[in-house]
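Step one of this worksheet: look at the structure below.
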Amino acid sequence: MNMIISSIPTILMIVAPILITAIGGMICERSGVVNIALEGLMGIGACAAASTHYLMEAAGCGRYSIAVALLVGMLVSGLFSLIHAVASINFNADQTISGTGINLLADGVTIFASQILFHADRTKEFKVGMVVDKLGLYPTAYIALVVVLVAWYVLYKTPFGLHLRACGEHPAAAESVGINVRRIRYIGVGVSGILSGLAGGCIVLTQTIQYTSNTINGRGFIAIAAVAFGRWTPLGVTGAAFLFGAAQAFSVIATNFPALKVIPAEWFNMLPYAITLIALIVFSGKDYAPQASGKPYSGGAS
Amino acid sequence: MKKLFALLLIISVVFSAFAQGGKEAVASSKPTVRLLTDATGIDDDSFNAAAWRGIVEFYGESIDNTPSRGTLYDVVTAASADMYIPNLKNAADEGYDLIIVTGFTWADALGEVAPLYPDQNFMIVDVNWIIQPNVLNYIYGEEQGSYLVGVIAAEQAKADGIKNPKFGFIGGVPGATITKFEVGYVMGVLSVFPDATIVDYYANDWGKPELAKAQAKNWFDNGVYCIFSAAGGTGNGTIAQSKEYRMAGKNVWSIGVDSDQYTRGIYEGSKSSVLTSMLKLVENSTKDALGKIEAGTFREATAAAIEMVMADGGVGYSSANSDLNPAAKAAAEKAKADIISGKIVVYKTYKEALAAGAVPAGLSALDD
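As structure tokens, then:
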């Protein structure tokens, strides 16, 4: 029991970045654009945050550098996501291809930036990342909570949220009542970029000491799965992210119980991914996806 | 738009082909060499970095100042495993005096390519089964260096007056190479505390620091005093967690691997949470091989793998951390002398160590 309670901070550490990214991906899809570039955008944000934090720490202004690093990560990743917005909204490009392009590009760009800044394929290791509070929690847990609550409020309680959802369901109808579909979709993509950058920064500042090309390690794709498995709602996405995070934490903790040692370790390593897959299958059925998600909208349907 | 993407893609592929650059022929008595690495590249603070350092130092240059790069020596990083054979063949076609590959992941590719180029000299680290007249194999006595860091961890705990200390080991992907680290470390710890509790964990991945961090937190919370990670990038998680806990006033340590990871653990001034590191001096083997090429004795040495053990200066420990207790250092020096003299024999496999009663049963180490 003690072990379960003491693993809660670990679960939250793993869940928070996935949840933040998934909320961004959800907003993007609700506006009608599929964003499979989350993985790459997280990498961009992680690299920017790690570099900023290291440089500020080295310059002696470590006190504010965590916050500044997260902001820089959000900004850079948000700007980077505009590539996807331009390709998929202005040029009606295939959103899967554009997203894949960004994922591939992000790998190269982050390594290139590290080469310029640090003459290495990775950022230099910083000294101190985020520290835990009295409850043993990282600030990322609270950041994730705020992100979920704000996303829920904006989506369901404000006119803007209604407009955004309309653009994802039926853009032509939305436009007929005077909503600027392109503008809304730009905001959707931009928000997913900013949140991915924030999540990337959270990963690098809570889980490791530098950015390398495999810091993100597929968690952007897990976030995409969480969006679908969570049925494009804030509560569902939160549950999905928690299930995945708990499964991953369990895969680590389970190895400490002698009784569970008879099961090969590979089974536990597989667990988070297997659970994600099984959940996707079990909870599929009715199509909950936004109707127009992934479909280019050329606008001005006469 | 799609056409534009395709065009950009083609252009970037074409340019990346040029990016490797051609080697200019220079009239020099110094041998020419190419290092081929896996995807992690030469900035891994680990064996690729060490191999590169050995090459650079052989030419009397330094990592930050490499004027002969591109003429006498260069490096090509394989983005994925399917590039191993093409990269080897390319290098062989260009005709270097020596081609160096690091790590057992290259073994199959090298075993296939080396016979095709009988006049080309190759060298590989961490492999002892590619015995061919043109291939020099180097292996390391990691178990001996790991024994020393195990002794240091235990002696430090003793000096700190810790009652019933526990010790942890985090490995990357289980296998014979990492088992050498674990067996050596455990034997070192048990030589000081014969009844100490040992916990171990394999992340099954070289690049997932979050798993090591989760496990390190869990262990530190349950009374583990020191964790040795031989897990590549995964080990960063252990270092991150030990930093956090030391900053919060907990007396816990991590131990680095391959290169001296003291600087990675620095959290304040010169205080580092990395107590010591198990050093595996791969630079010695690249220097050694280049020396043999220069002296013309390379082919005479290829009949059997060259083992770099403690007596050859192949492995050791770092004493960079000023918090390292003098008693722990003295004990490590004594153990080092005993290993060199043969008084202490450190086992390489879990099976042997278990049969000798030197390690407890139930560890996750694998011998194949």
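Here the protein sequences come in this chain order: R and W. Quick note, in the numbering used here, the first sequence goes up one by one and the last residue is 302. Quick note, in the numbering used here, the second sequence goes up one by one and the last residue is 1368. Glycine included, C-beta positions come from ideal geometry on N, C-alpha and C.
Asked: Which value, in whole angstroms, describes the spacing of the CA atoms of R:S77 and R:M42?; Found: 7 Å
Asked: Would you verify that the beta carbon of R:R320 is, or is not, closer than 8 Å to some beta carbon of chain W?; Found: With chain R running from 1 to 302 in the structure shown, residue 320 of chain R is simply not present.
Asked: Residues in the region 8 to 40 of chain R with C-beta within 8 Å of chain W's C-beta atoms, listed in sequence order?; Found: P9, T10, M13 and I14
Asked: Helix, strand or coil, according to DSSP, for W:L1072 in the structure here?; Found: coil
Asked: Taking 8 Å as the CB-CB cut-off, is R:K295 touching chain W?; Found: no
Asked: Hey, would you say R:A144 sits closer than 8 Å to R:A16, going by beta carbons?; Found: yes
Asked: If we cut at 8 Å on Cβ distances, does W:E1057 have a partner in chain R?; Found: no
Asked: Buried or exposed for W:N1048, going by 16 or more other Cβ atoms inside 10 Å?; Found: buried
Asked: Hey, could you find the ends of the alpha helix (DSSP H) W:C1226 is sitting in?; Found: Run containing W:C1226: none in the alpha helix (DSSP H); it sits in the beta strand (DSSP E), V1224 to A1230.
Asked: Does DSSP put W:Q1261 in a helix, in a strand, or in coil?; Found: coil
Asked: Please name the residue or residues paired with W:K1271 in a DSSP beta bridge.; Found: W:E1268
Asked: Along the chain, where does the alpha helix (DSSP H) containing W:M1247 start, and where does it finish?; Found: G1235 to M1247
Asked: Rounded to the nearest angstrom, what separates W:P968 and R:S65 at their Cα positions?; Found: In the structure as shown, chain W begins at 1001 and stops at 1368. Residue 968 of chain W is therefore absent and cannot be evaluated.
Asked: CA-CA distance, W:S1341 and W:M1308?; Found: 15 Å
Asked: Looking at the C-beta of R:I253, does it have a partner C-beta in chain W at a distance below 8 Å?; Found: yes
Asked: Would you check if the distance between the CB atom of R:T212 and the CB atom of W:G1171 is smaller than 8 Å?; Found: no
Asked: So the candidates are W:D1038, W:N1218 and W:T1177; which of them puts its Cα closest to the Cα of W:D1167?; Found: One point to set straight first is that residue 1167 of chain W is Phe, not Asp, in the sequence displayed. Of the listed residues, the one whose Cα sits closest to W:F1167 is W:N1218.
Asked: Out of W:E1300, W:D1044, W:I1339 and W:S1272, which one is the CA nearest neighbour of W:D1323?; Found: W:S1272
Asked: Do R:G190 and R:A85 come within 8 Å of each other at the CB atom, strictly closer than that value?; Found: yes
Asked: Looking only at its own chain, which residues have a Cβ that is under 7 Å from the Cβ of W:P1031, when we skip the five neighbours before and after it?; Found: D1097, L1098, L1290, I1293 and E1294
Asked: Would you give the residue range spanned by the beta strand (DSSP E) that W:K1180 belongs to?; Found: Not the beta strand (DSSP E): W:K1180 falls in the alpha helix (DSSP H), residues A1176 to V1192.
Asked: For W:Y953, which residues in the same chain have their Cβ closer than 6 Å to its Cβ, ignoring the five residues on either side in sequence?; Found: Residue coverage of chain W in this structure runs from 1001 to 1368, which leaves residue 953 of chain W outside it and unanswerable.
Asked: Note down, in chain order, every chain R residue with its Cβ under 8 Å from the Cβ of W:A1240.; Found: G129, Q207, T208 and I209
Asked: Closest to R:V177 by CA distance: which of R:R185, R:T238 and R:C167 is it?; Found: R:C167
Asked: Just the chain R side, please: which residues come within less than 9 Å of W:S1364 by C-beta, in chain order?; Found: T255, K261 and A265
Asked: Just to make sure I have the definition right: I need the residues of chain W whose C-beta is within less than 7 Å of the C-beta of R:E125. Which are they?; Found: R1264
Asked: Nearest-angstrom Cα distance between R:V252 and R:L205?; Found: 20 Å
Asked: For W:E1061, report the span of its alpha helix (DSSP H) as first-last.; Found: It is not in any alpha helix (DSSP H) - W:E1061 carries neither H nor E in the DSSP assignment.
Asked: So what's R:N90 in DSSP terms, helix, strand or just coil?; Found: helix
Asked: In the DSSP output, what is W:D1200 paired with across the bridge?; Found: W:F1169
Asked: Quick check on R:A249 - is its C-beta less than 8 Å from some C-beta in chain W?; Found: yes
Asked: Given a cut-off of 8 Å on the beta-carbon distance, is the pair R:G60 and R:G197 in contact?; Found: no
Asked: Give the DSSP bridge partners of W:Q1132, in chain order.; Found: W:V1135
Asked: Taking the alpha-carbon positions, what's the R:I209 to R:F126 distance?; Found: 6 Å
Asked: Name the chain R residues that come within less than 7 Å of W:P1209, Cβ to Cβ?; Found: Q207 and T208
Asked: Can R:A50 and R:T123 be called in contact, C-beta distance under 8 Å?; Found: yes
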